[in-house]
C-alpha cells in the first residue's frame, strides 16, 4: 500500500503554534501583565436569538416521530427548502439571480474549498495570491498540482490583478481577503472575470467575509460581475456572517451554466457530493435559515457592527500613527506594515514584550507577508481600545 | 481548465430512482392500495431523550458569550473531550483499548469513507466485495484506482474470504454488511487481518452497523482482532446506532501505530483533516456524547430493539417460507434470495404489483446481487408484520 507522497511535500505551518508558544512563555514570565490578543481568528459573540430559537425548535422536531428528520431531502445539494430559499433571497438583495439548483449546502467553506478540487484534473496549473490563506496552497500540493503565485504587495494594495502573460487554469480569489483585509472593487473583479473567460480558467471565489462589506463599489459576490457564472464557483460561509464557526454551515454556488469540455461542473459537483458527503445537520440548517430573514439580518447586523467598530478603532489608531495598512474598513482583518522597517517576527516580539499585545506575523502567510502584521477585530471593544493605546504608546516612545 | 476525467467513467445508479418511479406509478394506478416500503434505508425513530436534552443545553451554551463555542478545540481531531472520552469508554466495553489520539470526529461515516482516500496513492489496487455499498466503488473510480472484486455469493454466505492469489493494497470490509446484512465472525476477520498484514495492505473497515450485533462470536470492531491496529482504519457512525442520519456525526479510528513507508497514517489523516475539514457542530457533538452514557445506551438500546424486532419478524416470515437469506439477526438488513429463480427486478415488480410491498433489487449493488433482494427493518412493527403476511400470501398462492 502506497501513501499519497504529495503529502510529504507539505510544509508544516508553525505560525499559530509559535504564536501560541511565545505568548504562553511571555505569560509565564510576566503573570501580572494583561495580555490582549488581536490575533483571534474566531468569532466571540454568541449566536443571534433568532438562530437559537430556530435551533431549539429543530431539536424538538427531532424528538418526535412525526417531525423527525433523517437524511436530507436531496442527496446532492442536501438543503432544506427553507434554507435554500433564504439564500436565494439574500443573493437577490445583492442583485444576483440564482436558481435553487445552483446551491449546495455544506458543513463549511473550508471543506468545500478543499473538496471542490476532486472534480478538477490534477493536471491543472493553479494561481494563488501571496500572501494567502494556507488552505488554497496545501490542498493543491496534496493533489500534486503545479502552483503559481500572484504577488500581492504594498504597490498593488495587496490586490494583485491578472497578468495576461501568465497562463493559469484555476484561480483563487478571496475578497475581502484573509489575511490582508483588502477587497476588490467590482471593476477589478471584472478584469479577473475577463481574464478567466479568455483563458478558459476557473475562478474559485471565497466570499466568506462578504458580509463585512459596506462600500457599494466593492463586490459582495463574484456573480455581480457579468460572465462570472461561466467561469466562477463561489464558496460562502455562515461562520463570520453569523458566528457559525462552531455550528458549521456553508454553501457553495456552482452555476448550472458553468461547463468545461462540454461537461457541467454543477453535475460533477453533485456527483461528488452525493458520493462523498451526506449533508449538514437539520438543526444547523434551521438555524442558518433564520440568518437571512428580516429579523435575522437585523440581529447578525448588530454583531457585525460590533466587530466593525473594533476594526474602526484599530484603523483609526494606525491612521493617527501614520502606519500603512489594508483592510479594516470592509473586513474584520487589518494588515499593517510593521513600523520602522521591522520584520514580522521582530515586530511580534516587540509588541508582545513591550505592550503585551499579540498579533499574527504576516510572513506566516507567504513570502510577501514579510514585514507585515495581521490584527483582527474579534476581541471586545474595551480590549481593542486598550491594545491600540498600548501600541500608540510603544510606537510614540 | 481540465475536469477530472475519471468522473466520466462513473456509472449513474438509477437503482433508487427507478424504485421510486415504479412505486409512484403503481400508487397512481392504484390509489386505494396501501403500499408498504421495506426499502427504507433511513432510521425512522426519533432521537433518544438524553440526546435531545444534551442538544438543548448545547444550543443554550451558544446563546451566551461566556459559554459560546467557536472552532473546535483541536484542529486535527476536532473532538470535544466529553465526546472523545465516551468513545474510548465504548471501545473499552468491547475489549478494545484506544488512545485519544487515535480518534477523529467527523460529520459522518460517508464523508470519511471517501475522504480517507486523499492520503493514499492513486496507484493502489483496491479490493471491494460484490455486491457492495456503491460509495466504496465510486470514490475509487473518481480517483482512478484499479479495482478488483471479491465475490460474495450464496456459496460463501455473502462473506467472501481472502484469496492469497489476489494482490490488493486497499481492502474494504463492512460488517454487518450493507446491503447483505451478513456479519463476519472474529475468526473470519482474523483471516482478513492476517492477509492484510502479509500483503502490507490497508483494510478500510466500515463498522456503521456494529451496534446491531448481539452474537458474541461476531466482531463489533476490527480492533478486537490482534494486529489490526497495524493494518486497519475503522470508520464508525452514530447514524444507525443512535438515529443520527439527520444530525451527522461519525468517528474514524486511525491508530497511532499504523504506518506505511515509515509514515504515520494518523499524522497524514490529521494533516488532511486540519486542511480540508473544520469539525462537526458543537451541538451535534454534545448530543453524540450522551449516546454512550449508561442512560444513553439504555435509551438507544430500546430503539435498536425496535428495529431488531422488525428484522426478526422478516426473518421468521422468510424461515417459514423456506427462503434463503443472510442478515436479519445481527443487522437491520435482510438479503433474501428471490423465490422461484426470479431475477431481482422481476421479483420487485411481482411484489409491488401483487402485494403492494416495496423492497430493493439486489442487482443494484453489483452483478452478484442479481437474483437477490434487500428488505430493511426501519418501518413500523405493524407495517412490517402486514408486509410479511402479504408476502406469505403471495408466495403460498
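Residue numbers (our numbering), protein chains in the order written: chain A, 71 to 467; chain B, 71 to 467.
Here a beta-carbon is modelled for each residue, glycine too, at the ideal position from N, C-alpha and C.
Are the C-beta of residue i and some C-beta of chain B separated by less than 9 Å?
{"i": "residue 351/A", "result": "yes"}
{"i": "residue 142/A", "result": "yes"}
{"i": "residue 453/A", "result": "no"}
{"i": "residue 126/A", "result": "yes"}
{"i": "residue 271/A", "result": "yes"}
{"i": "residue 435/A", "result": "no"}
{"i": "residue 180/A", "result": "yes"}
{"i": "residue 177/A", "result": "yes"}
{"i": "residue 249/A", "result": "no"}
{"i": "residue 346/A", "result": "yes"}
{"i": "residue 391/A", "result": "no"}
{"i": "residue 244/A", "result": "no"}
{"i": "residue 327/A", "result": "no"}
{"i": "residue 75/A", "result": "yes"}
{"i": "residue 268/A", "result": "no"}
Within 9 Å (strictly less), CB to CB, does residue i reach chain A?
{"i": "residue 275/B", "result": "no"}
{"i": "residue 120/B", "result": "no"}
{"i": "residue 72/B", "result": "yes"}
{"i": "residue 312/B", "result": "no"}
{"i": "residue 109/B", "result": "no"}
{"i": "residue 303/B", "result": "no"}
{"i": "residue 408/B", "result": "no"}
{"i": "residue 412/B", "result": "no"}
{"i": "residue 363/B", "result": "no"}
{"i": "residue 341/B", "result": "yes"}
{"i": "residue 117/B", "result": "yes"}
Tell me which residues share the same chain as residue i and place their Cβ nearer than 7 Å to its Cβ, disregarding the 5 neighbours each side in the sequence.
{"i": "residue 261/A", "result": "231, 232"}
{"i": "residue 192/B", "result": "213, 214, 215"}
{"i": "residue 486/A", "result": "No answer is possible for residue 486/A: the residues shown for chain A start at 71 and end at 467."}
{"i": "residue 391/A", "result": "462, 465"}
{"i": "residue 76/B", "result": "211, 212, 213, 214"}
{"i": "residue 180/B", "result": "205"}
{"i": "residue 89/B", "result": "109, 428, 430"}
{"i": "residue 104/B", "result": "426"}
{"i": "residue 324/B", "result": "172, 174, 303, 335, 336, 339"}
Based on the DSSP output, what are the partners of residue i in its beta bridges?
{"i": "residue 330/A", "result": "333/A"}
{"i": "residue 306/A", "result": "321/A"}
{"i": "residue 292/B", "result": "BP columns for residue 292/B are empty, so no partner."}
{"i": "residue 444/A", "result": "405/A, 430/A"}
{"i": "residue 216/A", "result": "195/A"}
{"i": "residue 73/B", "result": "190/A"}
{"i": "residue 274/A", "result": "242/A, 303/A"}
{"i": "residue 221/B", "result": "200/B"}
The beta strand (DSSP E) that contains residue i, what's its start and end?
{"i": "residue 396/B", "result": "395–397"}
{"i": "residue 383/B", "result": "Element bounds for residue 383/B: not the beta strand (DSSP E) but the alpha helix (DSSP H), 364–391."}
{"i": "residue 242/A", "result": "240–244"}
Which residue comes first and which comes last in the alpha helix (DSSP H) that contains residue i?
{"i": "residue 464/B", "result": "451–466"}
{"i": "residue 125/A", "result": "119–131"}
{"i": "residue 279/B", "result": "That residue, residue 279/B, is in no alpha helix (DSSP H); it is neither H nor E in DSSP."}
{"i": "residue 421/B", "result": "414–425"}
{"i": "residue 91/B", "result": "85–99"}
{"i": "residue 113/A", "result": "Residue 113/A -> no alpha helix (DSSP H), and no H or E assigned at all."}
{"i": "residue 104/B", "result": "Careful: residue 104/B lies outside any alpha helix (DSSP H) and carries neither H nor E."}
{"i": "residue 263/A", "result": "256–269"}
{"i": "residue 356/B", "result": "352–359"}
What does a CB cutoff of less than 6 Å around residue i pick up in its chain, not counting 5 residues either side in sequence?
{"i": "residue 239/B", "result": "194, 195, 271"}
{"i": "residue 297/B", "result": "263, 267"}
{"i": "residue 85/B", "result": "434"}
At least one CB of chain E closer than 9 Å to the CB of residue i: is that the case?
{"i": "residue 174/A", "result": "Although the question refers to chain E, the structure presented lacks it and instead comprises the protein chains A and B."}
Using a Cβ-Cβ cut-off of 8 Å (strictly less than) and excluding sequence neighbours within five positions of residue i, which residues of its own chain qualify?
{"i": "residue 165/A", "result": "294"}
{"i": "residue 327/B", "result": "299, 300"}
{"i": "residue 376/B", "result": "115, 451"}
{"i": "residue 154/B", "result": "147, 170, 173, 175"}
Quick one: does the C-beta of residue i sit closer than 8 Å to a heavy atom of the ligand SAM?
{"i": "residue 420/A", "result": "Among the components modelled here there is no ligand, and therefore nothing to report on the ligand SAM."}
request  = Just list the beta strand (DSSP E) runs in the stretch 138–208 of chain B, keeping only unbroken ones of 3 residues or longer that don't cross its boundaries, in chain order.
outcome  = Segments of the beta strand (DSSP E) lying fully in the stretch 138–208 of chain B: 173–176, 195–200.
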